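Read through the structure below, which is laid out as structure tokens, and then see the notes.
Structural data, given as structure tokens:
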């Protein structure tokens, strides 16, 4: 289909040229049609006047060929398309790890991580996802505009290691068995409808083991209530208020407890409270009667931990607590770490006078520049481990105050958890990754990483609790460049930064390219495409984060051999204060660094190799921004359009020295990329165009036709709406199409013979027929229009549009022939990246919570590959275990049984050994070492593994006797 | 998961147009030019060589020089008229030459006695050559339009090739197994290929050219041939019998062709005095040099007879009668030469003791490392691919930069006494400081003394277009920070004054450039 269209359009080329000759004539025609269309629209307009707020805009935007099709806001179409079934959108996958302490099970087999709306269980041995338990996850079928509640706390149950307690921001507390995928969630709602922090206390003796959940609730930031809830079967849980506290401020609420629950410590803003349970055991909720003491810390508290020591028998006024020492460590928002040793005894002594205004003195350790994100005691209490936005994990020896560092981590440290036996740390970094480090070698034993693209902040960053010279934007303000390599349709390449904080603070910076496998849902590599200094100090002496370059565009060539990237960096205005005002702008513009880079993609997981770097690919007197980058569909070539009003076509050529072709190390010919054509577009042609545009930022987009014979380039300031049609071989502007876009231009794509333009309107233009197919007004959404995106799928000949609507987005799939969308769905987050996967007809959308949504056509068999994980990962269906998907879990459950089996046959072999060594193989061929079975079943996660048939044959080959040929050897 | 520390990559400046290529570096190593004026003042018309000597023909003399020492060994003067094409046989024992009277003489090189004389040609004989494979076979080409093959003992030519319509000025045997065939070029603008085995005495292949053919040369493969006709050199394919390529890099007539680097390079000399080196796949110029007089003969003389031997001399004979010999020293020789020079310099400077002790130390170290090598041979386990040794070490200033000690990093990199001082390092650091918003930090808080190196460096490089952007930025910060102290410090005053002068000169030059650009624009606008 694509081929015939291509021919058609090339056959039409002479016709187009002819038209150019009598251009004036065709223009007049077009104008006439516009008038007619306007007339047709006006009647519609009157009908729709009530629900179309932007009459003016919709008036000019009409379907040119159909009277029944009129302009209307896209939102209206949502209801109509609800019945469509041919296209579907998957459930979300992945997500953003939250700033909640991960749980490492006591046997160190499983790692449980809290995501925005779900918890995910990974194996600690091979870092693979075992299951994803959605808790508040909304999929696209949810009612439009609803936002899911966010998980705020997660604790392992004290009574059963299979259960976790999860608290959500809407006050719901869930009790979940993490070893099972499908279950009915038991939950209750807290009194105030909020939950900020939570701990779990064991209650009752050995006979009637129960547990109480203590929730820090707060509907105002100045107030904190600690409520205790006791789970009761089939009825509302009993509740009891333990403490109410008020403290002025706007910071965090924290709550921690010792294992036996006798001691509690919490914080509200800069006030720390300590709760002590007088009795050793608590039978029911009524006897849960903590004595609370509170005091002010010198700083806002961002992290807390406590340890219980028993060795030093101390004389305390309260005889009951003899022998227990509670040491509390608190991290401050200004970088100090405060250690309160034996705090209970000191509080008791002080508490006699009941003057909690008096400050309790703390031992202060200060190394962190900004807030201490996490601080924990080691299990033996001789060390504390802290981390912050310096990307360094610090180990403090308490006796000497000596520090040891684990520097140059890939993001700032968010959470540190010490495992139950103290042999490993779980470190959660803010680049959406978590790893398990062995404490002896400080080497990672497991690593879990999701998509590391910029995300919306769920809670205010701890670094921003005090006033800083910088701020972090709450939302992702620009689309994140992403691409799928045509030869590897299952891999998504996304531009990411060094951790979320580094990405979002200051100007947006993202110098790395992460390649992410959608089939196995694991991060493959992360490669810098622009300058980055992960090992350098990431803050200036004035406390401002250092900006790194931002990759603005990436594209793969059609053969997948080449990658082109554009990165952009400009110096901060703060650095040029000594330059006189009138030349400051120019000074900054001249120092703008814009690079166009061409990379040769390696085979397998090898990193891409830089082939050519073009400094300032578009420049006038100073480097100009590259507005768009497009890959040619046929040959290895790229086109860029820049702020200087030029379209440049880049092609590779053999690298020659003195006419001799240079060869690489393995004898392959080396290439270098250069500009093969420079085509001025815009009225003024080239440099002068910039002058004419004046203050208005030039906008541009470029696209190749499907056969590569034509380049479409849109260029202009606000409200010009011109698209230039360029013959790719001669480089001549053969035609200009006017009025195709208005306002802010977002994207231009070609789907021969149609041209799809997304600006403040969506227009589909038939290039061959020279007529506007249809146009749709996009309802005006202030502030977030930057994130509007368009992707075309040339396989299925459809295109998708993502529109941000306040906090959510809607995604629509269209046929260029039909103005009625085939699918309109709402995604409860903002879509920041929308790409079409070549070869398989599907669209991949990435939202600002690092979740992936895949939009596929149901009847498309080739689309299955990347869509497979979206078949709910096969993780939450009852069939999944049987189908072998939950194999890792299966193996885990059978672990004990397996080890029993192992003993017997081994003994049998030993006994027989005396008789005959040679016979052993044949006689006991059916003895299968569990390791071999594990190799087959755990080779890959179930959804990426071999087919069931293959696995069956592998297992049977293990069990069956060896073939005769090998036996005779 | 944790990033490894690597050295800061140096800034890559755009490659200038005049960057030396490897080929240019190679041909530039032909040094020690020896200019030998001809005693007869006749032009040097021919150069031939064997493994240990080379012979040049100038006027009525043939001079034989030693390949090793470049000293004159023998002179043969027994010619009645101007001699041509003194060709030394590859064993170096006999030499053949023709002269303007049409006489061909064979000399014994040792005794310089005439062994044989042929007077068959009645016109000047321009080419006489020994066969590369057969010791007793010769060819001759003469203005009598014939090319003849001779056997040394016999008195009559074994074959006479007739076919050229004009003077035959160049001829040669084909290389390798085709060496019984002859190629010749004539002033009738043809290149003809002759085969004595056909028995017809006529050419087997003819290439017509646009101008008289001055020289012919066959590549070692024997299937490709080069012919110089006026200012073009044509590459001829003998298999397909058609021209492959035309080399038109010379302005005037190309007089001489020679192979170099074991047949992988072509050297041409022209009347405009240029000698050019071409590679033999795409026929691009890889090196070019100019001589003071029209070049009549060029030859690259290899060090040994072995095929593919290195070029040792580049000999160029000129119209003015001067022979230029440039020599390239091989690695060991060059090292010896350097050592000798250093020793001499030490002697003159009176530091010969220091020199000797250093030499002894070096020798000891070399010996001990050799011993280690011997020990290493018996190792049981050899660890291959030790990547650690290959990793570049981080320089102290790079470490300072990483730890945000910007001022110290700048001081270190600006230290001109340091071993690894390079302006590019300073540029790299300054740009890195810009990227970290730390340029001002690095320049702040200096006193009269410590600000000097920075100011000096900025003054020194502000005129370089590649450095100007960062120099301007640094200068703006320096002025902003230190301008108030200029009155109280003489040094600072002077340094800023120098900076002012430099900037003034630059801005004036920029103005002139702008004016010129404007003028050119109006000129081109007029032509449109």
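Chains as they are written, first to last, in UniProt numbering: chain F, 1 to 969; chain W, 1 to 528.
Think of the CB as a built atom: it goes at the ideal place given N, C-alpha and C, for glycine as much as any other residue.
All figures in this text were calculated on a predicted structure; none of them were measured in a lab.
With DSSP collapsed to three states, give me the class of residue i.
i: residue 302 of chain W; result: strand
i: residue 453 of chain W; result: helix
i: residue 10 of chain W; result: coil
i: residue 174 of chain W; result: coil
i: residue 380 of chain F; result: coil
i: residue 308 of chain F; result: strand
i: residue 444 of chain F; result: strand
i: residue 262 of chain W; result: helix
i: residue 436 of chain W; result: coil
i: residue 248 of chain W; result: coil
i: residue 108 of chain W; result: strand
Taking C-beta pairs closer than 8 Å, name the residues in chain F that residue i reaches, listed in chain order.
i: residue 529 of chain W; result: In the structure as shown, chain W begins at 1 and stops at 528. Residue 529 of chain W is therefore absent and cannot be evaluated.
i: residue 563 of chain W; result: Any question about residue 563 of chain W goes unanswered here, given that chain W covers just 1 to 528.
i: residue 2 of chain W; result: 406, 407, 408, 409 and 410
Smallest Cα separation from residue i: which of the options?
i: residue 462 of chain F; options: F/252, F/248, F/283 and F/704; result: F/252
i: residue 184 of chain W; options: W/214, W/176, W/158 and W/155; result: W/214
i: residue 544 of chain F; options: F/513, F/507, F/568 and F/511; result: F/507
i: residue 287 of chain W; options: W/149, W/81 and W/23; result: W/23
i: residue 847 of chain F; options: F/456, F/367, F/399 and F/198; result: F/456
i: residue 169 of chain W; options: W/248, W/100, W/497 and W/21; result: W/100
i: residue 234 of chain W; options: W/241, W/226 and W/240; result: W/226
i: residue 791 of chain F; options: F/447, F/484 and F/539; result: F/484
i: residue 199 of chain F; options: F/209, F/492, F/129 and F/229; result: F/229
i: residue 457 of chain W; options: W/433, W/415, W/439 and W/91; result: W/415
Name the chain F residues whose beta carbon is nearer than 9 Å to that of residue i?
i: residue 411 of chain W; result: Per Cβ cutoff of 9 Å: no residues; residue 411 of chain W is ~17 Å from chain F at best.
i: residue 402 of chain W; result: 533, 535, 536 and 537
i: residue 198 of chain W; result: Ordered by position in chain F, no residue passes the 9 Å Cβ test against residue 198 of chain W, which lies about 38 Å from the chain.
Show which residues of chain W have a CB atom less than 9 Å away from the CB atom of residue i.
i: residue 428 of chain F; result: Within 9 Å Cβ-Cβ: nothing; residue 428 of chain F doesn't reach chain W, min ~12 Å.
i: residue 557 of chain F; result: Ordered by position in chain W, no residue passes the 9 Å Cβ test against residue 557 of chain F, which lies about 24 Å from the chain.
Could you work out which residues of chain F lie near residue i, taking near to mean beta carbons separated by less than 7 Å?
i: residue 476 of chain W; result: 578 and 579
With residue i and residue j assumed to form a contact (beta carbons below 8 Å), what rounded beta-carbon distance in angstroms separates them?
i: residue 306 of chain F; j: residue 265 of chain F; result: 5 Å
i: residue 301 of chain F; j: residue 261 of chain F; result: So it is not a contact: roughly 21 Å between Cβ atoms.
i: residue 273 of chain F; j: residue 294 of chain F; result: 4 Å
i: residue 567 of chain F; j: residue 595 of chain F; result: 5 Å
Taking residue i as the query, report the chain W residues whose CB atoms sit under 7 Å from its CB, ordered along the chain.
i: residue 523 of chain F; result: Correct list: empty, because the minimum Cβ distance to chain W is about 11 Å.
i: residue 436 of chain F; result: Chain W residues near residue 436 of chain F: none, gap ~11 Å exceeds 7 Å.
i: residue 572 of chain F; result: 437
So which residues on chain W does residue i lean against when the C-beta distance must stay under 8 Å?
i: residue 90 of chain F; result: Ordered by position in chain W, no residue passes the 8 Å Cβ test against residue 90 of chain F, which lies about 30 Å from the chain.
i: residue 805 of chain F; result: Ordered by position in chain W, no residue passes the 8 Å Cβ test against residue 805 of chain F, which lies about 37 Å from the chain.
(message) To be precise: take each residue of the region 4 to 16 of chain W, compare its Cβ to all Cβ atoms of chain F, and keep it if any distance is under 7 Å. Which residues remain?
(response) Those residues of the region 4 to 16 of chain W that come within reach of chain F (Cβ to Cβ, closer than 7 Å) are 5.
(request) Return the residues of the region 457 to 473 of chain W that lie within a Cβ-Cβ distance of less than 8 Å from chain F, sorted by chain order. (result) 469 and 473
(message) To be precise: take each residue of the region 583 to 596 of chain F, compare its Cβ to all Cβ atoms of chain W, and keep it if any distance is under 9 Å. Which residues remain?
(response) 587, 590, 591 and 593
(request) Report the residues of the UniProt repeat "WD" (365 to 406) of chain F with a CB closer than 9 Å to any CB of chain W, ordered along the chain. (result) Residues of the UniProt repeat "WD" (365 to 406) of chain F with a Cβ closer than 9 Å to any Cβ of chain W, in chain order: 391 and 406.
(message) Beta carbons nearer than 9 Å to chain W: which residues of the region 405 to 419 of chain F have them?
(response) 406, 407, 408, 409 and 410
(message) Taking beta-carbon pairs under 7 Å, can you tell me which members of the region 715 to 730 of chain F lie near chain W?
(response) Residues passing the 7 Å Cβ filter: none.
(request) Scan the region 267 to 283 of chain W for residues whose Cβ lies nearer than 7 Å to a Cβ of chain F and list them as they occur along the chain. (result) Within the region 267 to 283 of chain W, the qualifying residues are 279, 281 and 282.
(request) Using a Cβ-Cβ cut-off of less than 9 Å, list which residues of the region 172 to 183 of chain F approach chain W; keep chain order. (result) none
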